[in-house]
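Mapping of the sequence shown onto the working numbering: position 205 corresponds to residue 1377, and the numbering continues sequentially without gaps. Glycine is no exception: its CB is placed at the ideal position from the N, C-alpha and C atoms. Right, one structure below, let's go through it.
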Amino acid sequence: MTIRKEVEAILAHLGVPATTGSLTVRTPITGEVIAQIATITPEAANKAIARAHAAYLEWRNVPAPKRGELIRLLGEELRTNLEPLGRLVTIETGKLLSEGHGEVQEMIDICTYAAGLSRQLAGLTVPSERSKHRMMETWHPLGVVGIISAFNFPVAVWSWNAALALVAGDAVVWKPSEKTPLTALATQAIFERAAKKFGGVPAGLATLLIGDAKVGEQLVDSPLIPLVSATGSTAMGRAVAPKLAARFARAILELGGNNAAIVAPTADLDLTLRAIAFSAMGTAGQRCTTLRRLIVHADVYDKLVPQLKKVYGSVVIGDPGAQGTLVGPLIDERSYNAMQKSLEEARSAGAAVTGGERIPTANDEAFYVRPALVEIGSQTDTVKRETFAPILYVLKYSDFADALALHNDVPQGLSSSIFTMNLREAELFLSATGSDCGIANVNIGTSGAEIGGAFGGEKETGGGRESGSDAWKQYMRRATNTINYGTDLPLAQGVSFDI
Ligand code: UN1
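Right under this line is the structure:
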């Protein structure tokens, strides 16, 4: 069966109505076209946003634990469809089958989390300074949440936002990456089934808009959308953030990462090697949390780096659906060119590059590469820039303070790790003067975060937090309430105003 036929079968199985249109969808596995689908017009997109707003006005009246029931059903529906949706993720993104399945598992996990959360959207009660007064805070639904997602986590990112937003009483409008619209259509069909089992939801409660960057701009500009959660490049965030700020809308920005790990002299090198391999080469280096910089102590450099080179030289590259493959294709030619450009720049800066070459296949339009290990003397501009490809820059250090300084001396601040058995180093790395990232780990890689924690990063990563912890608060508005159950009217701060 060709991949195109397989895609048609999966979409039919998941209940996606067959369409045709101007958007060409390819699989990076072979580069072949797997679908032609319709895109939305600007007028229709505006109507959809208005419909979502009307849905929100109804949905906010449904008790939160009932809203949680919808998300529980969504989780169940995803559980039933983990295999086909996971396979579709692999076909559309080129990530390994276990990662495709893992992505759907992540969706299921956030649904479980959000369903529980629906009974815990609690506000504080606060002691009032006034007699016979009570203060409390109440969390209310916010409105329509715009979700702009990237190709590399084509469906999990929607679920992190949508599960929380829907439980919070919001409606969601989703603009997925143009590179991965099929998994979005499949997810929408799965949502519709859950909504039906729920007994129906207001029309347009969760809406999918397939289109180009202009659709994203409509979400960013719409006065009906008080929060936009956008995942993508720092350049995209730079365009989006001022527009949202200008109309006082909220932003959750998940932008570039330039994640590093420090390998200290006491590191468990066997564990470190395995953690580096997954973080740096996994998903062909196309996670926001991918390990991009390795800062290795001089005492262990000559032991670790040759071992790493061996792994880089032997890792199985190929069909992400095949057993044994560890590195699948890059998403497209542009990504391949960006990788080659960065490697060229590193070479001219005197770096020693291992790997990085294209692995020829029968398909000219598929881009498989050997992951690149780049030993480089200093943190050049190339190293400071995020290249969304499997390049690991390796730097050497002798003094821990220098390693920390190198670590933080990049514009991005998403994820970070230290490999050490030294408690002082580990604690320092996690302290206020340590890693400046939103995620800081010890003896574990930079990628593969769990949904229970808040996910996001600082500096040019954008500052947003999604998923676990108290991320839900961004999808709600807080009202502070003061109630007077007495007959007097004492004023705060002892102010008197007798009429
Ligand atoms: C992303 O790359 O956009 O930490 C998100 C991880 C995943 C999320 C990555 N759970 O690798």
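Check: Check TYR1657 in the structure and name its three-state DSSP category.; Outcome: coil
Check: Any heavy atom of the ligand UN1 within a distance shorter than 8 Å of the CB on GLY1620?; Outcome: yes
Check: Quick test of your reading: GLY1640 and GLY1625, contact by CB under 8 Å. State the CB separation rounded to the nearest angstrom.; Outcome: 5 Å
Check: Heavy atom of the ligand UN1 less than 8 Å from the Cβ of THR1461, yes or no?; Outcome: yes
Check: Can you tell which of ALA1524, LEU1567, GLY1383 and PRO1189 has its C-alpha closest to the C-alpha of VAL1468?; Outcome: LEU1567
Check: Decide if ASN1653 is buried, meaning its Cβ has at least 16 other Cβ atoms within 10 Å, or exposed.; Outcome: exposed
Check: At a cut-off of 8 Å, is THR1174 close to the ligand UN1 when judged by its beta-carbon and the heavy atoms of the ligand?; Outcome: no
Check: Please report the residue range of the alpha helix (DSSP H) in which TYR1473 lies.; Outcome: 1470-1486
Check: Taking the alpha helix (DSSP H) that SER1270 falls in, what are its first and last residues?; Outcome: 1269-1289
Check: Identify, in the order they occur along the chain, each residue of the same chain with its Cβ nearer than 6 Å to the Cβ of VAL1614, setting aside the five sequence neighbours on each side.; Outcome: ILE1590 and ALA1598
Check: Quick one: what does DSSP say ASN1580 is sitting in, helix, strand or coil?; Outcome: helix
Check: Between GLY1549 and ASP1642, what straight-line distance do the alpha-carbon atoms span, to the nearest angstrom?; Outcome: 41 Å
Check: Is THR1554 closer than 9 Å to GLU1517 when the C-beta atoms are compared?; Outcome: yes
Check: Are the C-beta atoms of ALA1328 and some chain B residue less than 9 Å apart?; Outcome: No chain B appears in this structure, which consists of one protein chain only.
Check: My output table needs one value for GLY1240: the three-state DSSP class, helix, strand or coil.; Outcome: helix
Check: Do the CB positions of TYR1228 and PRO1437 come within less than 9 Å of each other?; Outcome: no
Check: What is the rounded straight-line gap between the Cα of PHE1323 and the Cα of ARG1459?; Outcome: 10 Å
Check: Do ALA1224 and LEU1443 have their C-beta atoms closer together than 9 Å?; Outcome: no
Check: Span of the alpha helix (DSSP H) holding LYS1645?; Outcome: That residue, LYS1645, is in no alpha helix (DSSP H); it is neither H nor E in DSSP.
Check: For the ligand UN1, is there any heavy atom lying closer than 8 Å to the beta carbon of VAL1435?; Outcome: no
Check: Take LYS1304 and list the residues in its own chain whose beta-carbon comes closer than 6 Å to its own, dropping the five residues that flank it on each side.; Outcome: TYR1657 and GLY1658
Check: Would you kindly work out how many angstroms separate the C-alpha atoms of VAL1392 and ILE1263, rounded to a whole number?; Outcome: 30 Å
Check: Quick check: what's the CA-CA separation for PRO1313 versus LEU1250?; Outcome: 25 Å
Check: Taking all protein chains shown into account, decide if GLU1301 is buried (16 or more other Cβ within 10 angstroms of its Cβ) or exposed.; Outcome: exposed
Check: Extract the residue ranges of the beta strand (DSSP E) inside the segment 1485-1566, only unbroken runs of 3 or more that lie entirely within it.; Outcome: 1524-1526 and 1544-1547
Check: From the DSSP output, in three-state form, read off GLU1309 for me.; Outcome: strand
Check: Decide if ALA1449 is buried, meaning its Cβ has at least 16 other Cβ atoms within 10 Å, or exposed.; Outcome: buried
Check: LEU1399 and GLY1318: beta carbons closer than 9 Å?; Outcome: yes
Check: In whole angstroms, give me the CA-to-CA distance for ARG1506 and SER1349.; Outcome: 15 Å
Check: Is any heavy atom in the ligand UN1 found nearer than 8 Å to the beta carbon of THR1497?; Outcome: no
Check: Consult DSSP for GLY1388 and reduce its assignment to one of helix, strand or coil.; Outcome: helix
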